[in-house]
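Residue numbers (the UniProt record's numbering), protein chains in the order written: chain A, 1 to 299; chain B, 1 to 299. Every residue, glycine too, gets a C-beta built ideally from N, C-alpha and C. To start, the structure itself, in structure tokens.
There are 2 protein chains.
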Amino acid sequence: MPVPPPPPDAVARVRRFNRAITRAVGALNTSFLDRGRPLGAARVLNAIGQGRSDLGEIRAYLGLDSGLMSRLLRGLEAEGLVATAADAQDSRRRVVHLTPAGAAEFAEYERLSDAQAAGILATHPDPGALLAAMDLIGSALGRDRTTLEVCDPRSPEALRCLQAYYAELAARLPHSFDVSLSCDPQAEAMMAPHGAFIVAMSDGLALGCVGLKGTDAGYAEIKRLWVAPAARGLGLARRLMDGAEAAAQGLGIALLRLDTNSALPEAIALYRATGWTEIARFNDDPYPDVFFEKRLAQA
Amino acid sequence: MPVPPPPPDAVARVRRFNRAITRAVGALNTSFLDRGRPLGAARVLNAIGQGRSDLGEIRAYLGLDSGLMSRLLRGLEAEGLVATAADAQDSRRRVVHLTPAGAAEFAEYERLSDAQAAGILATHPDPGALLAAMDLIGSALGRDRTTLEVCDPRSPEALRCLQAYYAELAARLPHSFDVSLSCDPQAEAMMAPHGAFIVAMSDGLALGCVGLKGTDAGYAEIKRLWVAPAARGLGLARRLMDGAEAAAQGLGIALLRLDTNSALPEAIALYRATGWTEIARFNDDPYPDVFFEKRLAQA
DNA sequence: CATTTTGCCTGACTTATGTCAGATGAATTC
DNA sequence: GAATTCATCTGACATAAGTCAGGCAAAATG
Numbered sequence: 001m002p003v004p005p006p007p008p009d010a011v012a013r014v015r016r017f018n019r020a021i022t023r024a025v026g027a028l029n030t031s032f033l034d035r036g037r038p039l040g041a042a043r044v045l046n047a048i049g050q051g052r053s054d055l056g057e058i059r060a061y062l063g064l065d066s067g068l069m070s071r072l073l074r075g076l077e078a079e080g081l082v083a084t085a086a087d088a089q090d091s092r093r094r095v096v097h098l099t100p101a102g103a104a105e106f107a108e109y110e111r112l113s114d115a116q117a118a119g120i121l122a123t124h125p126d127p128g129a130l131l132a133a134m135d136l137i138g139s140a141l142g143r144d145r146t147t148l149e150v151c152d153p154r155s156p157e158a159l160r161c162l163q164a165y166y167a168e169l170a171a172r173l174p175h176s177f178d179v180s181l182s183c184d185p186q187a188e189a190m191m192a193p194h195g196a197f198i199v200a201m202s203d204g205l206a207l208g209c210v211g212l213k214g215t216d217a218g219y220a221e222i223k224r225l226w227v228a229p230a231a232r233g234l235g236l237a238r239r240l241m242d243g244a245e246a247a248a249q250g251l252g253i254a255l256l257r258l259d260t261n262s263a264l265p266e267a268i269a270l271y272r273a274t275g276w277t278e279i280a281r282f283n284d285d286p287y288p289d290v291f292f293e294k295r296l297a298q299a
Numbered sequence: 001m002p003v004p005p006p007p008p009d010a011v012a013r014v015r016r017f018n019r020a021i022t023r024a025v026g027a028l029n030t031s032f033l034d035r036g037r038p039l040g041a042a043r044v045l046n047a048i049g050q051g052r053s054d055l056g057e058i059r060a061y062l063g064l065d066s067g068l069m070s071r072l073l074r075g076l077e078a079e080g081l082v083a084t085a086a087d088a089q090d091s092r093r094r095v096v097h098l099t100p101a102g103a104a105e106f107a108e109y110e111r112l113s114d115a116q117a118a119g120i121l122a123t124h125p126d127p128g129a130l131l132a133a134m135d136l137i138g139s140a141l142g143r144d145r146t147t148l149e150v151c152d153p154r155s156p157e158a159l160r161c162l163q164a165y166y167a168e169l170a171a172r173l174p175h176s177f178d179v180s181l182s183c184d185p186q187a188e189a190m191m192a193p194h195g196a197f198i199v200a201m202s203d204g205l206a207l208g209c210v211g212l213k214g215t216d217a218g219y220a221e222i223k224r225l226w227v228a229p230a231a232r233g234l235g236l237a238r239r240l241m242d243g244a245e246a247a248a249q250g251l252g253i254a255l256l257r258l259d260t261n262s263a264l265p266e267a268i269a270l271y272r273a274t275g276w277t278e279i280a281r282f283n284d285d286p287y288p289d290v291f292f293e294k295r296l297a298q299a
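Rendered as structure tokens:
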């Protein structure tokens, strides 16, 4: 794709954006202080509320020193918001959980955050455009924090991706697209031990997916490769494909195949660039018209 | 305009954006710390570098306590970066300026900021889309910090607005638009004491403009009302018009007129809603086809 | 079993930031 | 010209946040 050169005021505009968000983040933080707790303690409480229970994990996530972490935790314990216990498997480790009072306090922080988010949207004339802009920037900034996660293809994140994937296929393929026609595999074929379904998560938002569907014909198929428009060009499709290949190797699969459509040139270019070779039609699905194969090195 | 309802995951997406930018701001701040100075001192240095010299003004801008401000300033003085002196008019006040060493240090911070901004742009596949998203979000977040400023219509900010204004007219008007044809007034007519040119500034970016052009026919004309696409729907056009009216009253002008084109329905709706009455054609400019007038209360 | 490693805790310390009550000296007001 | 107001400075505190050196007990390693 031809990338237009950035306009002369580009750097000034980015810096203006930086100033604006620095202020917004400051406002966000001070609003958290209204609950009478220092920011560090509030962050720990929120990490626990999000389901993180392993102390070391929380420390790594928040980037805290073990001494500081210990003290913050003790403060929350003194407030009666959290309780700690030794890990059942390894009693050097400690696990933390919210007490009922802590859960209530966490809910209060969540309410605050939600209200702030809703407030930003409510005062804007075009929330859809604002959200799209936020997704784009969030994806760009959170690029190296985007993680691949194996999950159930029927999970909410997976369904969000698949829905967007089908909507896009319908818009881009010349003939109208009907999901039920395209031989839709059962979810089990895309879960261990037959296959896998991988979602790219960025700060809680699913940005892309790929399915590895096991067959009983000596190969597995790559299906449903999709990347959110806001995250395109960031190399996510390649990461997803790498993840799918690694999953296949982990399952002892030696041969991969996929079918695609010539109306999706970006996808085809990616396959060609990553070691796939074009082969003859291997199924009678009416929609695909290009077919690829890749042999994997044994794990 | 019909506004589509926000999607069900809207709040989650805003919160994801918040998380992403909170991290980005943190990274930004820690990078400033690499110059071995606490953030507070760096902020004061930057405020001075931006041309603020009055101590009280800097304190208000940064929201600092007078004691803290004093100490930070003393630290910068000890480093040899700034020098203070009593104000010439009022020797209770103090004015600050950068020493050569301070100017060099400030330039270094600027270089850092520019490099970071350029870095974000450079790694993105579509810098134009990223900038548009940043402008949109910056405008939404900086909404209540957008200020109206009277300036020379030949200043860089004004020219940026006017250029965008003409480009848009060319795109929206049915016949091709040529600036030189539309009787282009001299800049003097849009400056005191004849008129005014007002620019809406948001964190250093010009988001809109309006010109008040004095004539010798007993009225002044509103010209070149423009709002950046990223800032539309936020009520900026109305604020600019209010500003122009206030400027007119300040200049003792009692009658305002304007011409516009029926291809710009948003503008026409605004005029109707703010006390303007449609009148007969009052000039022979070929482009406009709708004409308005408004009588002002005497200041 | 002895040694080392690991995960967490504690105490002692530092730095950054913020707050508050005067002190100081220069305008301003009466 | 005395009293008041104002802008800034100083000293005395307070709190948040972070660092570092050990300490302790459980787990892993030999």
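Not a single CB atom of chain A sits nearer than 8 angstroms to the CB of D65/B. Residue-level contact by beta carbon holds for D126/A and chain B, with a gap shorter than 8 angstroms.
Secondary structure of C161/A (DSSP, three-state): helix. Listed in chain order, the positions of the UniProt domain "N-acetyltransferase" (157-297) of chain A with a beta carbon within less than 8 angstroms of a beta carbon of chain B are R160, S202, D203, G204, L205, R232, G233 and L234.
Collapsing the DSSP output to three states places D114/A in a helix. By the Cβ test, the region 16-27 of chain B is not in contact with the region 82-91 of chain B, since fewer than three Cβ pairs between them sit closer than 8 angstroms.
Going by C-alpha positions, Q50/A is about 16 angstroms away from L76/A. Proximity of D87/B to chain A, defined by a Cβ-Cβ separation below 8 angstroms, is not satisfied.
About 6 angstroms separates the Cβ atoms of S202/B and S139/B, confirming a contact at the 8 angstroms cut-off.
As computed with DSSP, E149/B is found in a beta bridge with V199/B. Annotation: the continuous beta strand (DSSP E) that includes I279/B extends over T277 to I279.
Counting only Cβ-Cβ distances below 7 angstroms, M134/A has contacts in chain B at R13, V14, F17 and I137, in chain order. With a cut-off of 8 angstroms on Cβ pairs, the region 152-165 of chain A is not in contact with the region 39-53 of chain B, counting fewer than three such pairs. Taking a Cβ-Cβ threshold of 8 angstroms, the residues of chain B close to L131/A are P6, P7, A10, R13 and V14, in chain order. The beta carbons of L212/A and A228/A sit no closer together than 8 angstroms.
In this structure, the CA atom of T99/A is about 25 angstroms from the CA atom of A12/B. Closest in alpha carbon position to R281/B, among A273/B, T274/B, G275/B and V290/B, is V290/B.
L240/B counts as buried, since no fewer than 16 other beta carbons sit within 10 angstroms of its beta carbon.
Contact of S113/B with chain A is assigned, a C-beta pair being separated by under 8 angstroms.
Below the 9 angstroms Cβ cutoff, chain A contributes A10, V11, A12, R13, V14, R15, F17 and N18 as neighbours of A117/B, in chain order. Secondary structure at R52/A: coil, using DSSP grouped into helix, strand and coil. For V210/A, the pairing in a beta bridge is given by DSSP as I198/A.
At least one CB of chain A lies nearer than 8 angstroms to the CB of A24/B. In this structure, DSSP gives D259/A an extended state, which the three-state scheme calls strand. For A254/A, the secondary structure class from DSSP, reduced to helix, strand or coil, is coil. Interface criterion met: the Cβ of G142/A is under 8 angstroms from a Cβ in chain B. It is roughly 43 angstroms from the alpha-carbon of L130/B to the alpha-carbon of L296/B. Scanning its chain for C-beta atoms nearer than 8 angstroms, with the 5 sequence neighbours on each side dropped, one finds around W226/B the residues C161, L162, A164, Y165, E168, G208, C209 and V210, in chain order.
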